[in-house]
Each structure stands twice: as structure tokens, then as C-alpha cells.
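Asker: Mind having a look at this structure? Questions to follow.
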Amino acid sequence: MSSTNETIRFVDLVAQYHRYKDELSAAISDTLEATAFIGGPALGRFEKGFAALCGTQHCVGVGNGTDAIFLALKALGVGPGDEVITACNTFIATSEAVTMAGATPVFVDVDDDTALMDVSKLEAAITPATKAIIPVHLYGQLVPMAEVMAVAKKHDLFVIEDSAQAHAAIEGGVRAGATGHAGCFSFYPGKNLGAYGDAGGVVTNDLELAEKVRMLANHGRADKFGHVMEGVNSRLDGLQAAILEVKLRHLETWTAERQAAAKRYDALLADIPQVRLPKVRAEGAHVFHLYVIRCPDRDGLRAFLGERNIQTGIHYPVPLHLLKAYEHQGNGPGTFPVAEKMAEEIVSLPISPEITEAQQVRVAEAIREFMSRSEK
Ligand SMILES: *Cc1c(COP(=O)(O)O)cnc(C)c1O
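Here the sequence shown is numbered in the numbering used here, starting from 4 and rising by one per residue.
Here it is in C-alpha cells:
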């Protein structure tokens, strides 16, 4: 038993900063000395390195993960009158990006075991207006892409992988983001690969698509004043690129550490009957951005853990179709029963590459104590 009552943070970005402080400080001061704030050498190097990691030919750095999806949709010509299918349990950014492009998000329910888009429900959601599917590799686990691609091929649809939670996840030798027409990443600070501000990226093997995304993200420019079209301002800035270049070197280590921490939670929690552990589809296909368990009296458990200085999260408390923002779609309670039930039972435990065994033991023991108390 750990005797300390120190706060166990849900995401511990301070621990990571201290671990790599020297490398990060050098990269930041190099960027300041070079005044390479927009564009610059670190951006090109990071884009090349990240594309290599993903096994794609191209990577275009953009302002954030939401814009990455928006820009990919736009570059593929998805817009007004079009429908785009995605899962109803994701961060709102996924569907927001669809609406930003002028298209309409259409939701499908999720798989009860994995919380991922239920691919068997895809075809029923397809209409003549459907143009694209956005599988979301939620919590860090890959959606079965072979099945998604088969449906997409049959109905001639684009596939854009929302890989914001799944950097470096791999299945059958293929990384998150590398199977669909485009893969979209967020480098938000708390993601598995995070900048010190907002940042995102689009990966693809399609050169034309990469060039179009780059142009759209930079005011539709082909050169300084040669605006071929109207775009937006959504660039990955030089300072963030320099930070990401440093962090990219450690991503594989962090992924292994996250996976080891997940295995440790699995073992520590295995004999608590009220706790349902996350299901891993395939070894390597889950990079544990989040470690999400399911249990009865989730809110009671969270309060109990909170009293013991253990921070937790819920991803996500309300499925998108039940949010006020999507009330106009008319999908009331009962529309997507699997996701609705799941939303009441899920809790995300603290996980990061830096989490210690002692911290995980403290989390597990607190969960055990809560469950044995509520049994009486
Ligand atoms: C974080 C996230 C995004 C959005 O990324 P931002 O960089 O915050 O815009 C999109 N989709 C999912 C699933 C995410 O987790």
C-alpha cells in the first residue's frame, strides 16, 4: 500500500515536461533564435518524421485536430448537401468538423465491447447523400478498418480516420491514419503526442490531397499572393512543430509505457466482479490514450476516488445525438441504446507514460474498497 495521499492527476503533463526538459528547452530556444515562427525547418522535419511514423507519404501540419478533419473533408470536396457518417460517442470535434465543411453529420451506434463505431450498423445509415465515413479510433483503439473500407468501397465513399486519440496504434502492420483517404490527428497537449498549445496534422498517400489541404490551411495560397481559392488560416506554427519534433522521438517509448500501464490495471482490477475492463481488439491496435472501465454507480465511484485525490474523467458523458447542439436532428433517448447505456457506466482512470506502479495500486485499491462497501 502506498502511504502517500498525493493527488494522482488524470493527465500528468508536468512529469513529462520534467523528463524531457533539456531537449525541449533547446528546441524552443533554437526556434526563437531563428525566428522560425510560421513554417520553418522544424515544421518540415516534423511533417516528414510523422508521415514516416504513420507509414504515409505525406503529412501536412495544421492548426488543430478539428481543422484537420474539416480541411480533409473540404479538400475531398465534401460540402453542402452531403452526409458524413460517424459514431455517436466521440468528442464533438468530429461532427463539428463535418458541419464546418457544410455537410451533415449522421450518427451510428457503437459496439458494446469496444465502444468503437459499430461497423455492422454502417450500411443502414447510408443514403444517396452519403459522401464519407469518419471512423473514430476512440480511446486509442483502431476501428476494424478492413470492414470499414469494404463498406466504403461498395458505396464509393471517402474514409477519413479520426486518429486524434490513436497516434502510432498499429494493426496488421498498418498505423492509425494510413488506411483511409486521409488520417487526421490532434496534437492537443493531453493527446498521446501533444504540443504545448493547439496543433494538428493530416496524413495521406494522395499527393494532390496533401497539396490541397496545405493550400486550404494557408489562405488558399499557391504562393505569397497567388490565392487559388479561399481557404482559412490553420497552420501548425514553428514553435509547436519544434516541440513536436522532440516529442516524436519518444512516442514509441511512451506507447509501450501506456500499454504496460494498461496491462497492470488489467491485472490489478481483474478480480473485482463489478468492474468491466476495456476490451482490446488486437495486440498493438490499442495505444491507451484512455483507460476506460465500466461499472455500476459510476458517479459514486468517481466521488469516492475524488475524495482520495484520484482524478478521473468521463469520455463522454452525453452521446452526441443527445446534446443540445444536435437536438434539431430529432434523435431522442433510445435512438442509440448501446452508447446511451455506456455513457452511464464509463469512467476513465488516470493513465500516462509516467504513471507509477504505486499510483496504479492506489487507484485499484480505492476501486476495490468502494465496490466492497457498496456491496453491503
Ligand atoms: C481531441 C480530439 C479531436 C479534436 O482535436 P483538437 O486538436 O482539440 O481540435 C477530434 N476528435 C477526437 C476523437 C479527439 O479526441
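Ideal placement from N, C-alpha and C gives every residue a C-beta, glycine not left out.
1. According to DSSP, S189 sits in a beta bridge with which residue or residues?
2. Take A155 as the anchor and find which of V63, Q243, T133 has the nearest alpha-carbon.
3. If you check the beta carbons only, do V350 and V216 fall under 7 angstroms apart?
4. Could you pull out every residue in the same chain whose Cβ sits closer than 6 angstroms to the Cβ of M4, ignoring the five residues on either side in sequence?
5. What are the uninterrupted segments assigned as beta strand (DSSP E) that are 3 or more residues long and contained completely in the region 259-299, given in chain order?
6. Quick check on DSSP: helix, strand or coil for H324?
7. Would you please state the rounded distance, in angstroms, between the beta carbons of V231 and M218? I believe it to be under 8 angstroms.
8. How far does the alpha helix (DSSP H) with T69 in it reach, from first residue to last?
9. May I ask you to verify whether the region 101-108 touches the region 335-353, counting CB pairs closer than 8 angstroms and requiring at least 3?
10. Heavy atom of ligand 1 less than 6 angstroms from the Cβ of A96, yes or no?
11. Are A213 and H61 touching if we call contact CB-CB under 7 angstroms?
12. Given 6 angstroms as the limit, tell me if Y191 has its C-beta closer than that to any heavy atom belonging to ligand 1.
13. Pop quiz: F188 and S166 are said to be a contact at Cβ under 8 angstroms. What is the actual Cβ separation, rounded to whole angstroms?
14. Taking 6 angstroms as the cut-off, is the CB of D165 close to at least one heavy atom of ligand 1?
15. Over what stretch of residues does the beta strand (DSSP E) that includes E164 continue unbroken?
16. If A78 and V111 are in contact, beta carbons under 8 angstroms, what's the gap, nearest whole angstrom?
17. Under the assumption that L65 contacts G204 (Cβ atoms under 8 angstroms), give the Cβ distance between them as a whole number of angstroms.
Answerer: Short version:
1. For the purposes of this step, residue 189 is taken as residue 186 along the sequence shown, with counting starting at 1. S189 pairs with G203.
2. Here the question's residue 155 lines up with position 152 in the sequence shown. Looking at the Cα atoms, T133 is the closest of the given residues.
3. As a working note, residue 350 is residue 347 in the sequence shown. As a working note, residue 216 is residue 213 in the sequence shown. Contact flag unset, no.
4. The residue labelled residue 4 in the question sits at position 1 within the sequence shown. Reliability of the predicted coordinates at M4 is poor, the pLDDT of 46 falling under 50, and the value obtained from them is presented with this limitation in mind. Excluding positions up to five away in sequence, the list is empty.
5. List check, beta strand (DSSP E) in window: 294-297.
6. Locating residue 324 in the sequence shown gives position 321, counting from the first residue. In the three-state DSSP reduction, H324 falls in the helix class (H, G or I).
7. Taking the first residue of the sequence shown as position 1, residue 231 is located at position 228. Taking the first residue of the sequence shown as position 1, residue 218 is located at position 215. About 6 angstroms separates the Cβ atoms of V231 and M218, confirming a contact at the 8 angstroms cut-off.
8. Counting from one through the sequence shown, the residue named residue 69 turns up at place 66. Counted as a single uninterrupted DSSP element, the alpha helix (DSSP H) harbouring T69 occupies residues 68-78.
9. The count of Cβ pairs closer than 8 angstroms, one atom from the region 101-108 and one from the region 335-353, stays below three, leaving the stretches out of contact.
10. As a working note, residue 96 is residue 93 in the sequence shown. Under cutoff, so the answer is yes.
11. Mapped onto the sequence shown, residue 213 falls at position 210. Mapped onto the sequence shown, residue 61 falls at position 58. Cβ distance < 7 angstroms, so A213 and H61 count as in contact.
12. What you label residue 191 is simply residue 188 of the sequence shown in a count that begins at 1. Using a cutoff of 6 angstroms, the CB of Y191 counts as near ligand 1, since one of the ligand's heavy atoms is closer than that.
13. One-based indexing of the sequence shown puts residue 188 at position 185. One-based indexing of the sequence shown puts residue 166 at position 163. Cβ-Cβ separation between F188 and S166: approximately 5 angstroms, consistent with a contact (criterion under 8 angstroms).
14. On the sequence shown, position 162 is the one that residue 165 refers to. D165 Cβ: within cutoff of ligand 1.
15. As a working note, residue 164 is residue 161 in the sequence shown. Following the DSSP letters along the chain, one finds E164 inside the beta strand (DSSP E) bounded by residues 161-165.
16. Position 75 of the sequence shown, counted from the start, is the residue given in the question as residue 78. Position 108 of the sequence shown, counted from the start, is the residue given in the question as residue 111. With a beta-carbon spacing of about 24 angstroms, A78 and V111 fall beyond the 8 angstroms limit used to define contacts.
17. Counted from its first residue, the sequence shown places residue 65 at position 62. Counted from its first residue, the sequence shown places residue 204 at position 201. Looking at the sequence itself, residue 65 is Val, so the reference to Leu does not match. About 6 angstroms separates the two Cβ atoms, so the contact holds.
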